[in-house]
Amino acid sequence: MTTRRTLLGLLATLPFAPPALAASGTFAVRFTPDEWRRRLGKDAYAVLREEATERPFTSPLNTEKRAGTFVCRGCDLPLFSSAHKFNSGTGWPSFWQPINKAAIGTTVDRSYFMVRTEVHCSRCGGHQGHVFDDGPKPTGLRYCINGLSLKFVPAKAA
Ligand SMILES: [Zn+2]
């Protein structure tokens, strides 16, 4: 689906449009917008709390190849594992499954005249990215995640 990936790459460069926030539900970790802004900083706040998309190929986590866990930048919940990471060529960290099903929640995102499945942290509601059905085996899924939404925790040496 090269065409769609190219389109999404182009869309990511467009000015951020006001979203229907996925994080409007009730989550275990909650802060006011001002508190989130202080904790996350401007760029991560825009992605995690306002569903902005970082520009492709800007996250150092794209090329992170060490063994370890990718945790939510908002609340440190483990969301993805290096064992499920793959190089999608899209410019965003990509995984073929979350670390476990309970870690993430999804909503239907109808922004940009597309229907996409939005992915967020199940504990704080922080927006992570989207999941598509053009990923590799065994799941065929591609979790396309903003590096700004994650922190990488390297596995401890045995
Ligand atoms: Zn979180």
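All residue numbers for the sequence shown refer to my numbering, where the first residue is 11 and numbers rise by one. The C-beta atom is built at its ideal place from N, Cα and C for all residues, glycine as well. Treat the numbers as computed from the prediction; the structure is a model and nothing was measured.
As assigned by DSSP and simplified to three states, the class of residue i
{"i": "Pro164", "result": "strand"}
{"i": "Val118", "result": "strand"}
{"i": "Met11", "result": "The pLDDT assigned to Met11 is 45, lower than 50, so where the model puts this residue is not dependable; a value taken from the coordinates is nonetheless given after this. Coil, per DSSP."}
One or two residues paired with residue i in a DSSP bridge
{"i": "Phe142", "result": "Arg152"}
{"i": "Arg126", "result": "Asp119"}
{"i": "Cys131", "result": "Ile114"}
Extent of the continuous alpha helix (DSSP H) to which residue i belongs
{"i": "Val39", "result": "Per DSSP, Val39 belongs to no alpha helix (DSSP H) and is neither H nor E."}
{"i": "Arg47", "result": "Pro43 to Leu50"}
Whole-number beta carbon distance between residue j and residue i, since they are thought to touch under 8 Å
{"i": "Glu74", "j": "Phe142", "result": "Between Phe142 and Glu74 the Cβ distance is about 21 Å, and since that is not below 8 Å, they are no contact."}
{"i": "Arg152", "j": "Trp106", "result": "7 Å"}
{"i": "Val129", "j": "Ile109", "result": "Actually they do not touch by this definition, with Cβ atoms about 13 Å apart."}
{"i": "Phe80", "j": "Leu89", "result": "6 Å"}
{"i": "Arg83", "j": "Ser159", "result": "5 Å"}
{"i": "Phe67", "j": "Gly101", "result": "4 Å"}
Next on the checklist: Restricting to runs no shorter than 3 residues, where is the beta strand (DSSP E) found entirely within the segment 67-110?
Outcome noted: Taking only runs of at least 3 residues, the beta strand (DSSP E) segments lying wholly in the segment 67-110 are 78-82 and 88-91.
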